[in-house]
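Residue numbers (my numbering): 4 to 292. Heads up, the thing below is written out as structure tokens.
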């Protein structure tokens, strides 16, 4: 199989990279403070997820040549999604281990501010310009389907970042957060709904994309699967936020929140890029047949 060699190489590289971490017996922060159980699990998740993303980026890059030319941009975007996330998770791990209660929020949102718009715009890239509708949410220049998707996802992330900063400060001090963080939280939800309305759900039509104008049935099926990721998978992030906002357990609450975020990233990003790859390969296989 064409995927066997790259998959084997990626798996071996991942195993080799994880070996020193798995063998390490230390469970301390850099200042010598011992980690709790949840902190240790969170720390290990940063390392493991970083390496899995980097290995996935390598694998997707190797597979790009075996995809129909018109769908290679979507694979290229997928490489960027997991590649950027892999680097940012390595930086998050370094920030987390520096001292108890350290929150790598800046690195996390640097990841999300880049990868979430890339994930959202993948819908437009897969569908193709001919599938865009003439409907617009705004009359501003550039507010075509890709423009609305990017603006909506950026609005969601910036609002989330402002709310997260308020929440992080409260977690660090072990006090009740300023209620304004909920305003930013719900403001971010507006951005999510904007993206969701444009790309559509697996059960309803899309405001900005007309599936009937997509010529490849496998791409239509791929779009439906990706919409399920956006509908279900992205809802995990608010759960992590609410955990941090309601538990307020100092470093324990912060670690729990970060662990939920990490697992959500792992599930959403890997599921997303795998679905894109399978859908694009299905087009190529259909054409070859």
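From the three backbone atoms N, C-alpha and C, an ideal C-beta is built for every residue, glycine too.
With a cutoff of 7 Å on beta-carbon distance, residue 102 and residue 258 are scored as not near each other.
In the DSSP assignment, residue 120 falls within the unbroken alpha helix (DSSP H) covering 108-130. Under the three-state reduction of DSSP output, residue 31 falls in the strand class. Non-local C-beta neighbours of residue 269 in its own chain, meaning closer than 6 Å and more than five positions away in sequence, comprise 52, ordered along the chain.
A residue is called buried when at least 16 other Cβ atoms come within 10 angstroms of its Cβ; residue 196 does not meet this threshold and is exposed. For residue 75, the enclosing alpha helix (DSSP H) stretches over residues 75-100. A Cβ-Cβ distance of about 4 Å is found for the pair residue 81 and residue 276, placing them in contact under the 8 Å criterion. If you draw a straight line from the Cα of residue 134 to the Cα of residue 217, it comes to about 6 Å.
Between residue 106 and residue 171, the CB-CB gap stays under 7 Å. Taking each of 115, 109, 282 in turn and checking the Cα distance to residue 267, the smallest one comes out for 115. Within the same chain, and ignoring the five residues on either side of residue 225 in sequence, the residues whose Cβ sits closer than 8 Å to its Cβ are 129, 278, 279, 281, 282, 283, 285.
Within the model, the alpha-carbon separation for residue 95 versus residue 264 is close to 12 Å.
Rounded to the nearest whole angstrom, the CA to CA distance from residue 91 to residue 113 is 8 Å. Taken atom to atom, the span from the alpha-carbon of residue 125 to that of residue 99 is near 31 Å. Burial check for residue 189: the Cβ neighbour count within 10 Å stays below 16, so the residue is exposed.
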